[in-house]
Amino acid sequence: MESKAPRATPAPPPVSTPKVVSAPTPLVPESDAPRIAAFAHLHDYLTYARDIGASDLHINVASPPVIRKYGRLAPLPRTPFTAAETEALLFKILTDEQRRSIHTELALDFCYILTGQGAYRSCIVKQRMGWDGSFRIVQSRVPSFKELGLPEQLQRLTEFNQGLVLVTGPNGCGKSTTLAAMVELVNQQRDEHIITIEDPVEVNFVPAKSQINQREVGSHTKSFSQALRAALREDPDVIMIGEMRDRETVSLAITAAETGHLVFGTIHTTSAARTIDRILDSFPPDEQAQVRSMISESIRGILCQQLIPRKDGNGRALAMEILLNTQAVSNLIRERKLFQIPSIIQTGRQQGMILLDNSLMDLVTRGVIDGSEAYYAADKKEQFLKWAPRIDGIALEA
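In the working numbering, the protein residues as written are 15 to 412.
So this is what it looks like as structure tokens:
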């Protein structure tokens, strides 16, 4: 009888090594609790928020103080504020004139300067339970292009003698900081007369090669449009507009760019094509053809930026879309073919252009940001998945 060979023992399935993800650093160290418990003045909270690198501080009724850092919110270890406590904290920093204004308007936007610390973009409003305050920490100095991670091709936008340069993006994405860095580069390198129109003034520019005049909406002028109209009579070379909110301001900005001035401004849009659309939509239909022609000639570049949480939990990375005006771009604007602008950006990388989604993929490839964060920030999610159908081992569906 023929003996059977012993059956081979099947090999055990491979053991997959679980992916180890380090927990993000706590935004508020537990060891700071005793210090925070002793805070008695709003200055204490503002100083602490700046010390730990927060971007914002929120003082709300029925809530402990909350800071925002790296885009994430974290409460400070303290009992919730009462309505009386928030009113006492917030109103103590106001001038008599500001108190009168806030009781009439029920809201106040202003820049608060804390001696020895710096500036805070501040907003106090009345709500159902009492008064709430929000404070954006403003950097005490203007960071350089390198510190912000801005590419070299954006420096070229500061070298034009005339034209319109726009920085766009959602709230809290660093538009004001980028704008300030551009103006400071002009200040350091060129002999120009610079006028800034801000709401509020956040950074006090120190004249280097340029002469700089800063005006604050509400304190020095009634509106952006009024200040811009006046600026055109002040012999400016460069004009910075903190926010282009309305048709009149947009129209004056385009006119200024066309008549020999370099104009920097911000708009709340998330792509280059949408930025141009937003500008055109602010005008009545019978004016849009003329405005389209003016924009096609005056626009120098559009930077759309977003800040994405870093993979290691420490800070946020800059993702950006860059459109530089070329003859092809100018023709598309004039011919109402804005839908083709992404294709021009896609093929214009050697010229310094980049799509937001390409920028996000670059950050993922370099291990700077998580793939899922990139997916949620992507402009064209379906197209994004075609480039990267599996992100961090998780299949995502469009």
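For every residue, glycine included, the Cβ atom is placed at its ideal position computed from N, Cα and C.
Pull up the CB-CB distance for Ser285 and Asp384, whole angstroms please, since I reckon it's below 8 Å. Incorrect: roughly 22 Å between the Cβ atoms, too far for contact.
Rounded distance between the beta-carbons of Arg348 and Ser307, thought under 8 Å: 6 Å
Within 10 angstroms of its Cβ, does Val343 collect 16 or more other Cβ (buried), or is it exposed? buried
Give the DSSP-derived three-state secondary structure of Leu338 in the structure shown. strand
So, for Pro89: in the same chain, excluding its five sequence neighbours on each side, which residues have a beta-carbon less than 6 Å away from its beta-carbon? Pro78 and Val80
Buried or exposed: Tyr134, going by 16 or more other Cβ atoms within 10 Å of its Cβ? buried
Rounded to whole angstroms, how far is the Cβ of Leu338 from the Cβ of Gly315, which I believe are closer than 8 Å? 5 Å
In angstroms with no decimal places, state the Cα-to-Cα distance between Gly132 and Gln397. 43 Å
Quick one: which unbroken alpha helix (DSSP H) runs of 4-plus residues sit fully inside the segment 284 to 313? Chain order, please. 286 to 295 and 299 to 312
Alpha-carbon to alpha-carbon, Ala51 and Glu119: 33 Å
Would you mind giving the Cβ-Cβ distance between Ile209 and Glu248, rounded to the nearest angstrom? I have them listed as a contact below 8 Å. 6 Å
Between Val35 and Arg324, what straight-line distance do the alpha-carbon atoms span, to the nearest angstrom? Note that Val35 scores 42 on pLDDT, short of 50, meaning its location in the model is unreliable and no value can be drawn from it.
Residues near Gly67 by beta carbon distance below 8 Å, same chain, minus five either side: Lys83
Secondary structure at Arg114, three-state DSSP: helix, strand or coil? helix
Under the DSSP definition of a beta bridge, which residues are partnered with Leu128? Gly132
Closest by C-alpha distance to Tyr389, when choosing among Ile368, Ala333 and Ile127: Ala333
Given this structure, state the Cα-to-Cα distance separating Ala419 from Gly381, to the nearest angstrom. Any answer about residue 419 is impossible in this case: the structure gives the chain only from 15 up to 412.
Cut-off 7 Å between Cβ atoms - residues of its own chain near Glu206, not counting five sequence neighbours on either side: Val200, Ser224, Asp251 and Val252
Using three-state DSSP, classify Asp251 as helix, strand or coil. coil
Our contact map puts Phe95 next to Asn74 with C-beta atoms below 8 Å; I'd like the distance itself, whole angstroms only. 7 Å
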